[in-house]
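Novice:
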Amino acid sequence: MNQAQVYAMDKPVYGIEYFAIVDLLKRYYDALYRCDTALLATVFHASAQYFTASSGELLHLDMHSYFPIVEQRISPESSGEPYLFSIESIEFAGAVTAIARMRCSMLAKDFIDLLTLIKLEGEWKIIAKVFHYTTHTETTLLPTNQN
């Protein structure tokens, strides 16, 4: 399916809104890549929530708790990590509600982000971030003893 023609045929087409969300998602990744909480604050709603259970336990944060964590990181950009993200899908539930699925790699982890978006006062914001991650495992090839 061509993502720019979301819900063509029998449902409304949200073409302009689709591209506004793509821009938001790019700014979201840019903010994470640079550890730029000022930019991150422009993409998250002030009441947004953050969830993962990838470690086996629920981690739930609000933005007041999440932003200081981002600020304390060494940015992937300054570490020379590659700039890697992809938008897998954007699905509209209506004119002011959408869900985006993204993949990215940074900080020795591969992430799948499920982002719930709302449009308020003409602007799209992330209202909920639910994600899963797996850690990169480096395998060292050791010489084998052959007797």
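Positions 4 to 150 (the numbering used here) are the ones given, in order, by the sequence shown.
Quick reminder that beta carbons are idealized off the backbone N, C-alpha and C, glycines included.
Between Arg76 and Tyr36, what straight-line distance do the alpha-carbon atoms span, to the nearest angstrom?
Specialist: Each residue's Cα considered, the two are about 10 Å apart.
Novice: Can you tell me which of the three DSSP states Lys132 falls into?
Specialist: Note: Lys132 maps to strand in three-state DSSP.
Novice: What do you reckon, are the CB atoms on Lys132 and Asp113 nearer than 8 Å?
Specialist: Taking 8 Å as the Cβ cut-off, Lys132 and Asp113 do not qualify as a contacting pair.
Novice: Suppose you measure from the CA of Leu43 to the CA of Arg104; what does that come to, to the nearest Å?
Specialist: Computed Cα separation, rounded: 18 Å.
Novice: In terms of residues, what are the limits of the beta strand (DSSP E) holding Glu60?
Specialist: No beta strand (DSSP E) holds Glu60; DSSP gives it neither H nor E.
Novice: Could you check whether the region 126 to 140 touches the region 45 to 55, counting it as contact only if at least three pairs of C-beta atoms, one from each stretch, sit closer than 8 Å?
Specialist: Contact holds: three or more Cβ-Cβ distances are below 8 Å.
Novice: Classify Ala101 as buried or exposed, calling it buried when 16 or more other Cβ atoms lie within 10 Å of its own Cβ.
Specialist: Ala101 comes out buried.
Novice: Quick check on DSSP: helix, strand or coil for Thr140?
Specialist: Thr140: coil per DSSP, three-state reduction.
Novice: Spell out a yes or no on whether the region 22 to 31 and the region 70 to 85 are touching, meaning 3 or more CB-CB pairs, one atom from each, closer than 8 Å.
Specialist: Because the criterion of three Cβ pairs below 8 Å is not met, the region 22 to 31 and the region 70 to 85 do not touch.
Novice: On the DSSP bridge list, what partners appear for Cys107?
Specialist: Phe88, Phe114.
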